[in-house]
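So our numbering is basically just the index in the sequence shown, starting at one, shifted up by 542.
All C-beta atoms, glycine included, are put in the ideal place defined by N, C-alpha and C.
Just so it is clear, the structure is predicted and the values come from calculations on it, not from any experiment.
Below is one structure; the comments refer to it alone.
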Amino acid sequence: MASSRRPTYTSHGRRPGNPEAWPGQAGPDAGGSQDVISASRSAPEPAPQPARKARKATFAGLTKDGLKKDGPKNGGPAKENPGGTTQGSDSAGKVLAFPEPKGKRQKRNILAVALTLVAIVAGLLAVAVFSPALAVRTISVSGTHLLTPAQVEAALEPLRNRPLPQITDEEVGRLLEPLVQVKSVSAEARPPSGLAVAVRERVPVALVKQGEQYQLVDVDGIQLASTADPASVSLPVIDGGAGTIGKDLFRATAEVLGALPPDVLAKLSNASAQSVDAVELKLVDGQTIIWGNAGEKELKAKVLAALLKVPMDPKNPVKVYDVSVPRHPVTR
Numbered sequence: 543m544a545s546s547r548r549p550t551y552t553s554h555g556r557r558p559g560n561p562e563a564w565p566g567q568a569g570p571d572a573g574g575s576q577d578v579i580s581a582s583r584s585a586p587e588p589a590p591q592p593a594r595k596a597r598k599a600t601f602a603g604l605t606k607d608g609l610k611k612d613g614p615k616n617g618g619p620a621k622e623n624p625g626g627t628t629q630g631s632d633s634a635g636k637v638l639a640f641p642e643p644k645g646k647r648q649k650r651n652i653l654a655v656a657l658t659l660v661a662i663v664a665g666l667l668a669v670a671v672f673s674p675a676l677a678v679r680t681i682s683v684s685g686t687h688l689l690t691p692a693q694v695e696a697a698l699e700p701l702r703n704r705p706l707p708q709i710t711d712e713e714v715g716r717l718l719e720p721l722v723q724v725k726s727v728s729a730e731a732r733p734p735s736g737l738a739v740a741v742r743e744r745v746p747v748a749l750v751k752q753g754e755q756y757q758l759v760d761v762d763g764i765q766l767a768s769t770a771d772p773a774s775v776s777l778p779v780i781d782g783g784a785g786t787i788g789k790d791l792f793r794a795t796a797e798v799l800g801a802l803p804p805d806v807l808a809k810l811s812n813a814s815a816q817s818v819d820a821v822e823l824k825l826v827d828g829q830t831i832i833w834g835n836a837g838e839k840e841l842k843a844k845v846l847a848a849l850l851k852v853p854m855d856p857k858n859p860v861k862v863y864d865v866s867v868p869r870h871p872v873t874r
């Protein structure tokens, strides 16, 4: 752009005798010398600008693309107005806070709610586990035949005044281990202070004579009770007992008796075994049952039960029931 300033002229000399003569013009007295006139043009001076204040803006947030915003528009620097203040900020040094992403805010709220729920549940569990309001006051027992409920309750006495949530089936079972009649047990809490214990006892399958007493034993040979009158118990007598016939023969015989249904077992008078493959049973009516070994005992028990239900022929009574081969039973 062309400057509006006029050029300035500087005279390097006028002749004293011709003050009106311009430099470069020859006068009568020039004498061959000339005055030199030079012209110069000065560069325009820049217009004064208002002083800019150095200011730093701190941004508290990021855009969705992860880039810091440098100004109010399109990430550019904030514009300054003539007064020297930066547009987009209220005052010098003020933090510009951007809205928090919605997803992050929701996650934080969900986490806070979850932690609150966990704290509440933990508090309730602590109250339930340690509160004396749920302490055991009464114990009820069911399923006993060989034992009495009072015997079971006495064995479980250490559980009284214990909070119900602290009691487990395993602990109840350990307390009842000294009672050999108990095969398994389960416990059920009945708030606020009741404990129901269901006992499953071992099942006696035979009598074993020991001196003047007869011991009731299960299939494992465990002595469950004793009686002086074998007729009062509808169980067969194992001849010789476990001590005389040997452990293997006794177990084979006891397993056979354990497979029989109660109504058939009640009709037996005694059982014996010459070997593990030659188990024999005697009915109270005098008939003999040839059982064989302990294999297929469930099928043999069903076949024997069916044969015993067949009406007896007075003219041709059955003396032997052979179920050693259960798919081809024989009567004679």
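With a 10 Å radius around its C-beta and 16 neighbouring C-beta atoms as the bar for buried, classify Gly834 as buried or exposed. When all chains shown are included, Gly834 counts as buried.
Ignore the nearest five residues each way along the sequence and tell me which others in Pro871's own chain have a CB closer than 6 Å to its CB. Counting only residues of its own chain and dropping the five nearest sequence neighbours on each side, Pro871 has a CB closer than 6 Å to the CB of Val845 and Val865.
I'd like to know whether the C-beta atoms of Leu823 and Leu810 end up nearer to each other than 8 Å. Going by C-beta atoms, Leu823 is nearer than 8 Å to Leu810.
What did DSSP end up calling Ala661 once you bin it into helix, strand or coil? Looking at Ala661 - three-state DSSP - the assignment turns out to be helix.
I want to know whether the stretch 745-754 touches the stretch 689-697 - three or more CB-CB distances under 8 Å. Per the Cβ contact rule, the stretch 745-754 is not in contact with the stretch 689-697 (fewer than 3 Cβ pairs under 8 Å).
May I ask you to report which of helix, strand or coil DSSP gives Ala729? Annotated three-state conformation of Ala729 is strand, per DSSP.
Which residues bound the beta strand (DSSP E) around Asp864? In this chain, the beta strand (DSSP E) harbouring Asp864 covers Val862 to Asp864.
Alpha carbons only, please: which of Ser776, Glu797 and Ala796 is nearest the one belonging to Asp805? Minimum Cα distance to Asp805 is reached at Ser776.
Within 10 angstroms of the Cβ of Ala847, are there 16 or more other Cβ atoms? Answer buried if so, exposed if not. So Ala847 ends up on the exposed side.
Tell me the start and end of each unbroken alpha helix (DSSP H) in the stretch 752-822 that is at least 4 residues and wholly inside, in chain order. Runs found: 783-787, 789-801 and 804-807.
If you count every other CB in all the chains shown that lies within 10 Å of the CB of Val663, and 16 or more means buried, which is it? Flag for Val663 reads exposed.
Assuming Ala729 and Val739 are in contact, meaning their beta carbons sit under 8 Å apart, how far apart are those beta carbons, in whole angstroms? Contact holds; Cβ gap of about 5 Å.
Check Val683 in the structure and name its three-state DSSP category. In the three-state reduction of the DSSP assignment, Val683 falls in the strand class.
Assuming Ala801 contacts Lys839 (C-beta within less than 8 Å), just tell me the rounded distance between them. Ala801 to Lys839, Cβ: 4 Å. Contact.
Count the other C-beta atoms from every protein chain shown that fall within 10 angstroms of the C-beta of Thr658, then say buried if there are 16 or more, exposed otherwise. By the neighbour-count criterion, in which 16 or more other beta carbons inside 10 Å mark a residue as buried, Thr658 falls on the exposed side.
Taking only the alpha-carbon atoms, compute the straight-line gap between Thr686 and Ala654 and give it to the nearest angstrom. So the two alpha carbons sit approximately 53 Å from each other.
If you run the structure through DSSP and keep just helix, strand and coil, what is Gly736? Per DSSP, reduced to three states, the secondary structure at Gly736 is strand.
For Pro803, which residues in the same chain have their Cβ closer than 8 Å to its Cβ, ignoring the five residues on either side in sequence? Within the same chain, Pro803 has close Cβ partners Ala843 and Ala847.
With a threshold of 7 Å (Cβ to nearest heavy atom), would Gln708 be considered close to the ligand ZN? Ligands in the displayed structure: none, and consequently the ligand ZN is not present.
Rounded straight-line distance, which links the Cα of Leu698 to that of Leu884: Absent from the structure is residue 884, since the part of the chain shown begins at 543 and ends at 874.
Along the chain, where does the beta strand (DSSP E) containing Gly715 start, and where does it finish? Gly715 -> not in any beta strand (DSSP E); alpha helix (DSSP H) instead, spanning Asp711 to Leu717.
Determine the direct distance from the alpha carbon of Thr873 to that of Pro495, and round the result to whole angstroms. With the chain covering 543 to 874 only, the question about residue 495 has no answer from this structure.
With a CB to CB cut of under 8 Å and the five nearest residues on each side skipped, what residues in its chain are close to Ala767? Answer for Ala767: Leu688, Gln723, Pro746, Gln757 and Leu758, listed in chain order.
What is the DSSP secondary structure of Arg650, counted as helix, strand or coil? Here Arg650 sits in helix by DSSP.
Do you know how far the Cα of Asp827 is from the Cα of Ala696? CA-to-CA, the gap between Ala696 and Asp827 works out to about 43 Å.
If you follow the alpha helix (DSSP H) that Glu844 is in, where does it begin and where does it stop? Just to set this straight, residue 844 is Lys in the shown sequence, not Glu. Residues Lys839 to Leu850.
Which residue marks the beginning of the beta strand (DSSP E) containing Gly834, and which one marks its end? Taken as a continuous stretch (DSSP letters only), the beta strand (DSSP E) holding Gly834 covers Thr830 to Gly834.
For Gly763, count neighbouring Cβ atoms within 10 angstroms of its own Cβ and tell me buried if that reaches 16, exposed if not. Sixteen is the threshold: when 16 or more other Cβ atoms of the shown chains lie within 10 Å of the Cβ of Gly763, as they do, the residue is buried.
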